[in-house]
Amino acid sequence: MTALITIFSLPVKAATFLVTERSTFGGNDEVDWLSLGKVFNPVSPDFSTFLPNSFSATSKGGLGLDVDIAPTNNPLITKPFVFQTSPFPGIRTNFANGDYVLFGGIDVTGFGPNPPFPTDGNGGPFTITFDKPVFGAGTQIAVDDRFTFDAFVSAYDINNNLLGTFSAQGTSSLLLDNSALFLGVRSDEANISRLVFSSSFPQQGLAINQVSIIGVPEPTYTLTILIFGVSGGVLKLRKLLK
């Protein structure tokens, strides 16, 4: 039995990798921005629904997190806000119809009848810090008034060590077709404490929808580790007994 315990305690360097499909990400928790209780309605604007640049949220599973959206020095750009994407006269995006979207902010001229194109906005970065390290987290991402863009995500551990920086090309449109790029980071241990999202167009508004989180390891993943550990321990024990 000592040999088995020795096998289980061997240190293994964690691997961190990018996932670009929510369906294969394997999230078991989620933050929906509707939970903030403030939703901007473009048909009947109420600027009291705007958010501060730094605020806290809680996942459906009870995990606390802090969101920090870097402020802009353009006085015409609004504070961040949440909106529900929908057909005209709502705000159309290429997230799924009905998604609640966290948006960095937009130049107030963008609310006018003939807004400039592209309209200036707050492109972040968006920083999400978890109260407790997680195995992974990710979200779909879009940039206002940019048909194509490069999206970036960096992951850090609790000691502010960089675990990895990843990028992928995304697209934005008004099709409400759920084609917005998913940008997620996974690790084989719970060491992700902070994610930072940004794009190649910091002068245009950045938008993300619900955040998928892996707060505990998936059962199949845990079982694989257990089987591998037990079989390895048995082999070592047999060698010692020979």
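Residues in the sequence shown are numbered consecutively from 9, following the working numbering.
Cβ atoms here follow ideal geometry from the backbone N, Cα and C, with glycine treated the same way.
Considering only C-alpha positions, which residue in the set Val109, Phe125, Asn36, Ala22 is nearest to Leu44? What you label residue 44 is simply residue 36 of the sequence shown in a count that begins at 1. Each of Val109, Phe125, Asn36, Ala22 was checked against the Cα of Leu44, and the nearest Cα belongs to Val109.
Span of the beta strand (DSSP E), counted from its first residue to its last, around Thr135: Position 127 of the sequence shown, counted from the start, is the residue given in the question as residue 135. Thr135 -> beta strand (DSSP E) spans 134-142.
Mind checking who Ser206 pairs with in its DSSP beta bridge? Locating residue 206 in the sequence shown gives position 198, where the first residue counts as 1. Paired residue(s): Phe160.
DSSP beta-bridge partners of Glu38: As a working mapping, residue 38 is identified with position 30 in the sequence shown. Beta-bridge pairing links Glu38 to Ser220.
Please look up how many angstroms separate the CB atoms of Gly5 and Ser220, rounded, as I've assumed it's under 8 Å. As displayed, the chain neither begins before 9 nor continues past 250, which places residue 5 out of reach and without an answer.
Beta-carbon proximity list for Val193, same chain, < 8 Å, skipping 5 on both sides: In the sequence shown, residue 193 corresponds to position 185, counting from 1. Cβ within range, chain order: Thr24, Phe25, Leu26, Val27, Gly144, Ala145, Gly146, Val161, Ala163, Leu171, Gly172, Phe174, Ile200, Leu203.
So, helix, strand or coil for Tyr229, using DSSP? Here residue 229 refers to the residue found at position 221 when the sequence shown is read from its first residue. Residue confidence for Tyr229 is low, a pLDDT of 48 falling below 50, so the modelled location carries little weight; the figure read from the coordinates is stated next. Note: Tyr229 maps to helix in three-state DSSP.
Thr32 by DSSP, collapsed to three states: which one? Counted from its first residue, the sequence shown places residue 32 at position 24. Note: Thr32 maps to helix in three-state DSSP.
Go through its chain and collect everything with a Cβ distance to Ala22's Cβ below 7 Å, but skip five positions before and after it. By one-based count along the sequence shown, residue 22 stands at place 14. Taking C-beta separations shorter than 7 Å and ignoring five residues to either side along the sequence, the partners of Ala22 in its chain run Ser195, Asp196, Glu197, Asn199, following chain order.
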